[in-house]
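Peer 1:
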Amino acid sequence: MIPAHIKILIQLAKADGHIHDKERGIIERIAARHNVDESEMNRFFEEVNTEDTLPDKQLLSKDQKIEYLYDIIALMKADGKLERSEVNYCLRVTKWLGYDESVFFNFVTTIYMQPHLLEDKESLKETINGYLNEI
Numbered sequence: 130m131i132p133a134h135i136k137i138l139i140q141l142a143k144a145d146g147h148i149h150d151k152e153r154g155i156i157e158r159i160a161a162r163h164n165v166d167e168s169e170m171n172r173f174f175e176e177v178n179t180e181d182t183l184p185d186k187q188l189l190s191k192d193q194k195i196e197y198l199y200d201i202i203a204l205m206k207a208d209g210k211l212e213r214s215e216v217n218y219c220l221r222v223t224k225w226l227g228y229d230e231s232v233f234f235n236f237v238t239t240i241y242m243q244p245h246l247l248e249d250k251e252s253l254k255e256t257i258n259g260y261l262n263e264i
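FYI, in this note's numbering the residues of the sequence shown are 130 to 264.
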């Protein structure tokens, strides 16, 4: 079974029809954090489709939800392009996680204007947590 976090990131990377090398690198680093080996990772990249359903969010802790949001925003920014298909997918994940759309747009705007914020993950996670709007 594909770990949910990795599946969501691969779906986002595929949303614009092309997986950029930087996107793949970010996903591979995150996968390594989750103890996913290279052969599994390659299989996941082949098997995951953007139309696949999202996993059950009830199984996620608040910290995991914040981690997902942080990672999708970092991944979306990886190739330096803001594609409509990626934004739409990120909005889908944002709502699924229980965040209001405005949280996503506020963070995307902030991160594009102040890219150094991605380096201060804990502060950014605290700010995201402040906007959490459980559905």
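Ideal placement from N, C-alpha and C gives every residue a C-beta, glycine not left out. Since the model is a prediction, treat every value here as computed from it, not as a measurement.
#1: On the three-state DSSP scale, how would you describe Gln193?
#2: Which ranges would you report for the alpha helix (DSSP H) in the region 145-209 if only whole runs of at least 4 residues count?
#3: In whole angstroms, give me the CA-to-CA distance for Asn178 and Ala133.
#4: Between the region 161-181 and the region 196-206, do at least 3 Cβ pairs fall closer than 8 angstroms?
#5: Between which two residues does the alpha helix (DSSP H) carrying Leu141 extend?
#6: Within its chain, find whatever has a CB closer than 8 angstroms to the CB of Arg221; leave out the 5 residues flanking it on each side and keep chain order.
#7: DSSP three-state call for Leu253: helix, strand or coil?
#8: DSSP three-state label for Leu220, please.
#9: Measuring only the C-alpha atoms, how far is Phe233 from Thr223?
#10: Spatial neighbours of His245 within its chain, please: CB distance less than 7 angstroms, with the 5 preceding and 5 following residues excluded, ordered by chain position.
#11: Give the straight-line distance between the Cα atoms of Glu175 and Tyr197, rounded to the nearest whole angstrom.
#12: Could you give the residue range of the alpha helix (DSSP H) that holds Tyr241?
#13: Any contact between the region 149-167 and the region 211-219? By contact I mean 3 or more CB pairs, one from each, below 8 angstroms.
Peer 2: By the coordinates alone:
#1: helix
#2: 150-162, 167-176, 191-206
#3: 13 angstroms
#4: no
#5: 133-143
#6: Leu183
#7: helix
#8: helix
#9: 7 angstroms
#10: none
#11: 21 angstroms
#12: 230-242
#13: no
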